[in-house]
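Colleague: This is the structure I have questions about; it appears just below.
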Amino acid sequence: MVVGPLSATSEKPKSLGGGLESKKMPGHFLLARLGKRVLRPGGRELTGWLVDTVGLDRSDRVVEFGPGLGATARILLACEPASYTGVERDETAANVTRDYLVKDSQGCVVASAESTGLPQGESTVVIGEAMLTMQREQRKREIVAEAWRLLAPGGRYAIHELAFVPDDVDPAVEDEVAGELSKTIHVGARPLTAAAWRQMLVEQGFTVRDETIVPMALLEPRRLIEDEGFRVLRIAANLLRDRDARKRVMGMRRVFRRHSDHLVAIGMVAIKPE
Ligand SMILES: C[S@@+](CC[C@H](N)C(=O)[O-])C[C@H]1O[C@@H](n2cnc3c(N)ncnc32)[C@H](O)[C@@H]1O
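Every number in the numbering used here is 216 more than the matching position in the sequence shown, counting from 1.
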């Protein structure tokens, strides 16, 4: 499966998140506009775990769902897989990812992960970070089914998402946290418990081989520095300049902090049996 680096649609590129103003923009694109590049709840640490645990080599044919601004794409490409294909529904984000793609065997299509149009059974690795949580339940299942369809037997599916803890969390707490998250990030957000993520993968036929949990600390100073390095200064300067963005980011952090007892980032690597 080869999708060339310039497989763009013919439409004129728009701004991230459709160019909405700070007050209305989805949280991940607001953070991206402010200069943030790592847009997943477990940060670089959990991505590092995921990539190590998946164990990429030069024979792997990799598909990434929702690469966003290409932060993980760069890590995956450094492993020199046989091919890389991003599937990103936001055209502007897809174009940012395409900037990192230099070979004919590397591409990024503008498509939805639930119906990628990519060939069946030709990938050895599918990876998706911080993109299932934002889908309603049926769409989550469709995306997991698409990962299954794309993978060859023995293929690995790696996810990095938000999870509720503990597994027996009160459903009323889940509703409250999901409601507050969705309101603050302006995207429907529905994390699952670790048990429920596992169950969704197993119901599709996957075997969950590895699993880990790290704190959800996306907007905490220490994690920001770990994830962004010196770029933190630019993010801070952009925040100082944009009052609406500042209010949104502080609001998001308040919600993350208020619910830190119940919210974590989870990584899982599942196998499509031979
Ligand atoms: C929170 S961002 C995470 C970006 C990147 N995976 C990362 O971890 O930095 C979610 C990304 O998934 C994309 N996305 C969401 N739903 C999608 C879908 N159904 N198909 C393809 N991309 C999707 C969004 O456009 C966005 O770029």
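Think of the CB as a built atom: it goes at the ideal place given N, C-alpha and C, for glycine as much as any other residue.
#1: Tell me whether T400, by its Cβ, gets closer than 7 Å to a heavy atom of ligand 1.
#2: If the criterion is Cβ atoms closer than 8 Å, does the pair S299 and S275 meet it?
#3: Taking three-plus beta-carbon pairs below 8 Å as touching, is the segment 394-409 in contact with the segment 364-383?
#4: State yes or no: is the C-beta of S331 nearer than 7 Å to some heavy atom of ligand 1?
#5: Can you tell me whether A309 sits near ligand 1, meaning its C-beta is under 7 Å from at least one heavy atom of the ligand?
#6: Within the same chain, show all residues whose beta-carbon is closer than 7 Å to that of L397, passing over the 5 residues directly before and after it, in chain order.
#7: How many angstroms separate the CA atom of R425 from the CA atom of T288?
#8: Ligand 1 and Q420: does the residue's C-beta get closer than 7 Å to at least one heavy atom of that ligand?
#9: Helix, strand or coil for L417, going by three-state DSSP, please let me know.
#10: Please report how far the alpha carbon of V393 lies from the alpha carbon of R473, in whole angstroms.
#11: Ignore the nearest five residues each way along the sequence and tell me which others in S226's own chain have a CB closer than 7 Å to its CB.
#12: Consider the C-beta atom of D276 and the heavy atoms of ligand 1; say whether any pair is separated by less than 7 Å.
#13: Ignore the nearest five residues each way along the sequence and tell me which others in I291's own chain have a CB closer than 6 Å to its CB.
#14: Please determine, among I375, K399, V389, R372, the residue with the shortest C-alpha to C-alpha distance to S476.
#15: Kindly indicate which three-state DSSP category H475 falls into: helix, strand or coil?
#16: Please state if the CB of G282 and the CB of E304 are separated by a distance shorter than 8 Å.
#17: On the premise that G286 lies in contact with T313, defined as a C-beta separation below 8 Å, what is that separation, rounded to the nearest angstrom?
#18: Of the residues G259, R253, I359, which one's Cα is nearest the Cα of P431?
#19: Just to confirm my understanding: we take D458, look at its own chain, exclude 5 residues before and 5 after, and list those with CB closer than 7 Å. What are they?
#20: Within its chain, find whatever has a CB closer than 6 Å to the CB of N454; leave out the 5 residues flanking it on each side and keep chain order.
#21: Only counting the same chain, and skipping five residues up and downstream in sequence, which positions put a Cβ closer than 7 Å to that of R365?
#22: What does D426 pair with, by DSSP beta-bridge criteria?
#23: Please report the distance separating the alpha-carbon of A486 from that of H244.
#24: Near I441, which residues of its chain fall below 7 Å by C-beta distance, leaving aside the five closest residues on each side in sequence?
Modeller: According to the structure shown:
#1: For ligand 1, not one heavy atom lies less than 7 Å from the Cβ of T400.
#2: no
#3: yes
#4: Relative to ligand 1, even the nearest heavy atom lies 7 Å or more away from the CB of S331.
#5: Shortest gap from the CB of A309 to any heavy atom of ligand 1: under 7 Å.
#6: A405, V471
#7: 21 Å
#8: Because no heavy atom of ligand 1 lies under 7 Å away, the Cβ of Q420 does not count as near it: no.
#9: helix
#10: 11 Å
#11: Caution applies to S226, whose pLDDT of 33 falls short of 50 and renders its modelled position unreliable; the value that the coordinates give is listed next. So the list is empty, once near-sequence residues are dropped.
#12: no
#13: Around I291: V267.
#14: V389
#15: coil
#16: yes
#17: 4 Å
#18: G259
#19: S238
#20: L250, G251
#21: Q336
#22: V485
#23: 26 Å
#24: V448
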